[in-house]
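Taking it in order: structure first as structure tokens, then the write-up.
Numbering (the working numbering), first residue to last: 431 to 993.
And the structure:
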């Protein structure tokens, strides 16, 4: 296996993780000890050493990593090292080439200037003959192509550029990287050029090709979270909106654009590229003008929903589809029709939220409360742990100063882990009143404790109930590393005792080096709060009882020198 063949031979998951490590700069060093023998330091849970030996053709003859991974031939640290070595060799080759060119005192510019026009043309023909991508870029940028050919070649150029970008950089690039997606940039530049010339329709068609290819990439990989690709996606979308409102775009052309987008929506649905279909429906709304266009879109949306039901994917896309429908109904048929449609779709959260907001805007608070309660009922019927309706309802109670109902619902939300309502509830009472409410509230939270101990513990921390925190930690020592500071210095001795018991418990159940390191971190913490003697005793206890755990003893020896 060569360095440039790792994608074909190594598990895709390991490749993906290794690429992430490489892009994140976790390969700390690449050291070529002798020719084609490399030692790389890779940052993981700890620093690991990767040894790699290549032959003259960059075939990997030997590779090993000091990490404990044993589920396959290669680990993510090795993949990251392979990529770093490949980069190192590429830079080395370039440096050698630059030195060779420098030794003749001629750089490429000098060479090109010295060549005749026929020699340059001949060289370009030779290069382009063996490079279809370059030929396509030259034809798009400089060729006098028919519109149909231009669009076809632009689409291919953009697709190749996106695939090459993702293959090279993955799906996330660092903000400091000066990285470009050349094919997309070239296509956008061409669209801008035609727009400046007043050829708006051709500019739109080019932008639609870019948008289509980017949406296909989204259908395969998911929505862009990369700064380069996401910025190009947004730029394309904004450019289309500019073109749609351009004064030189006639009404007839606008209708033609609508028909073209409609055809692509149908193709996307047939090809099961559902996310792309929705994005193009959103585009179609921008150019929709006539009631008959709305009726055609209604039929297409219902067909889309039938396809989703057959695929059992309705739950993923129905809300987005219906909201698109709401938008174009509002645009073509008006506010009243859109409102009637909204009330037929209250099972979908986005419409229930709209209805609540609308009721709130006209101070119809009881209707808003009823809508919230309806949402809670639907969530319960569908076994969903969706508290958004309770949150909206408690905010309404707060707005209308209904303290009894606010109090009861706020406590319910606190018990579900929403601590913000504890602070809100506290502000509703005078200090003397709160002193009466607080003991009952904290007892209720402690007794019910349905959503984990953190709710109870965090409230104790807010109220500085140090003695209660200590009592809690005695029963739940796993929380000690995160909250011990909140009981110091009054309860140092008690905390040391809690750490002692917890460390022994953790050492007994630990079986990997990573867990042993965590145990050592716990010992360090115990020592830092005054448990130096207890730390020494703990190390003696470990050495006496776990003599066969060499990795544990090795980690213990690293902290022993500090005691």
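Cβ atoms here follow ideal geometry from the backbone N, Cα and C, with glycine treated the same way. On a predicted model such as this, the values are computed, not experimentally measured, just so you know.
*The beta strand (DSSP E) enclosing residue 470, as first and last residue numbers*: 467-473
*Does the Cβ-Cβ distance between residue 570 and residue 592 come in under 8 Å?*
no
*Bridge-paired residues (DSSP) for residue 561*: Looking at the DSSP assignment, residue 561 forms no beta bridge with any residue, so it has no partner.
*Under 8 Å, do residue 519 and residue 448 count as touching if we go by C-beta distance?*
no
*Using the C-alpha atoms, what's the distance from residue 541 back to residue 535?*
Confidence is the limiting factor: at residue 535 the pLDDT is only 46, short of 50, which leaves the residue's position unreliable, though a coordinate-based value still follows. Between residue 535 and residue 541, the alpha-carbon positions lie close to 10 Å from each other.
_Tell me which residues share the same chain as residue 460 and place their Cβ nearer than 7 Å to its Cβ, disregarding the 5 neighbours each side in the sequence._
468, 470, 514, 515 and 518
_Considering only the alpha carbon of each residue, which of 811, 806 and 858 lies closest to residue 830?_
858
*For residue 837, which of helix, strand or coil comes out of DSSP?*
helix
*residue 884: buried (16+ other C-beta within 10 angstroms of its C-beta) or exposed?*
It counts as exposed.
*Near residue 759, which residues of its chain fall below 6 Å by C-beta distance, leaving aside the five closest residues on each side in sequence?*
Counting only Cβ-Cβ distances below 6 Å, and skipping sequence neighbours, we find 767, 768 and 771.
*asked:* Please report the straight-line C-alpha distance between residue 462 and residue 579, rounded to a whole angstrom.
replied: 50 Å
*Alpha-carbon spacing of residue 567 relative to residue 584, whole angstroms*: 8 Å
*Among the residues of its own chain, which have a CB less than 8 Å from the CB of residue 886, if the five just before and after it don't count?*
872, 875, 876, 879 and 902
*For the beta strand (DSSP E) that contains residue 482, what are its first and last residues?*
Its beta strand (DSSP E) spans residues 477-484.
*Helix, strand or coil at residue 535 according to DSSP, with G and I counted as helix*: Note that residue 535 scores a pLDDT of 46, beneath 50, so its modelled location is shaky and nothing firm can be said.
*Using 10 angstroms around the beta-carbon of residue 572, count the other beta-carbons present and answer buried if the total reaches 16, otherwise exposed.*
exposed
_Contacting residues, own chain, Cβ-Cβ under 6 Å from residue 851 (five flanking each side not counted)_ = Excluding residues within five positions, the ones whose Cβ falls inside 6 Å are 840, 843 and 844.
*Indicate the three-state DSSP secondary structure (helix, strand or coil) for residue 991 in the structure shown.*
coil
_Just to check my reading of the structure: residue 704 and residue 738 have Cβ atoms closer than 8 Å, yes? What is that Cβ distance to the nearest angstrom?_
7 Å
*C-alpha gap between residue 446 and residue 494, whole angstroms*: Rounded to whole angstroms, residue 446 to residue 494 spans 19 Å at the Cα level.
*asked:* I'd like to know if the segment 961-977 and the segment 910-930 are in contact, where contact means that at least 3 CB-CB pairs between them fall below 8 Å.
replied: Under the three-pair Cβ rule at 8 Å, the segment 961-977 counts as touching the segment 910-930.
_Classify residue 736: buried if its beta carbon has 16 or more other beta carbons within 10 angstroms, exposed otherwise._
exposed
*Cα-Cα separation between residue 742 and residue 647, rounded to whole angstroms*: In a straight line, the C-alpha of residue 742 is about 23 Å away from that of residue 647.
*Specify the secondary structure class of residue 673 as computed by DSSP and reduced to three states.*
helix
*Identity of the residues DSSP links to residue 493 by a beta bridge*: For residue 493, which the question treats as bridged, DSSP gives the partners 482.
*asked:* What does the alpha-carbon distance come out to for the pair residue 690 and residue 814?
replied: 40 Å
_Rounded distance between the beta-carbons of residue 634 and residue 673, thought under 8 Å_ = 5 Å
*asked:* For residue 480 and residue 472, which I take to be in contact (beta-carbon distance under 8 Å), what is that distance rounded to the nearest angstrom?
replied: 6 Å
*If you draw a straight line from the C-alpha of residue 916 to the C-alpha of residue 894, how long is it?*
8 Å
*Return the first residue and the last residue of the beta strand (DSSP E) that residue 742 is part of.*
Careful: residue 742 lies outside any beta strand (DSSP E) and carries neither H nor E.
*Nearest to residue 726 by CA position, among 838, 693 and 819, is which residue?*
693
*Taking only runs of the alpha helix (DSSP H) that begin and end inside the segment 698-771, which ones reach a length of at least 4 residues, in chain order?*
704-717, 721-741 and 744-762
_At least 3 beta-carbon pairs within less than 8 Å: the segment 743-751 vs the segment 676-688_ = no
*Leaving out the 5 sequence neighbours to the left and right, which residues in its chain are closer than 7 Å to residue 565 when beta-carbon positions are compared?*
558
*By DSSP, does residue 435 sit in helix, in strand, or in coil?*
Looking at residue 435 - three-state DSSP - the assignment turns out to be helix.
*According to DSSP, which residues form a beta bridge with residue 464?*
DSSP output for residue 464 lists 467 as bridge partner(s).
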